[in-house]
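One structure is given below, encoded as structure tokens.
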């Protein structure tokens, strides 16, 4: 189960994720990102309530990062130790901006 809260203001978007980002929920995030990114100069993903991320979730993040590199910036905030460890093991700490 994944809950996504979207906030957009002055060309900046924030997606707050709650729950698990896995094979079952990644398509939902992918659609929200696809609908949200056009026109944004900055995208923040708030992981304060994200419990888990799978390779399917990593793929969505990579795709979003590639798109935002063309039009602005993307950062992840409030990443917990469990998710951060996954980013470290996969090398995503070198790809994503984690604040």
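In this note's numbering, the protein residues as written are 2 to 100.
Every residue, glycine too, gets a C-beta built ideally from N, C-alpha and C.
None of these values were measured; they are calculated from a predicted model.
Exclusion of the five residues before and after residue 30 leaves 3, 5, 16, 18, 22, 58 and 61 as the residues of its chain whose Cβ lies within less than 8 Å of its Cβ. Here the alpha carbons of residue 43 and residue 37 stand approximately 11 Å from one another.
Boundaries around residue 22 are those of the beta strand (DSSP E), 13–22, since no alpha helix (DSSP H) includes it.
Within the DSSP bridge table, the entry for residue 44 names 14 and 75 as partners. According to the DSSP assignment, residue 91 belongs to the alpha helix (DSSP H) that extends over 82–91.
Judged by DSSP in its simplified three-state form, residue 98 adopts coil rather than helix or strand.
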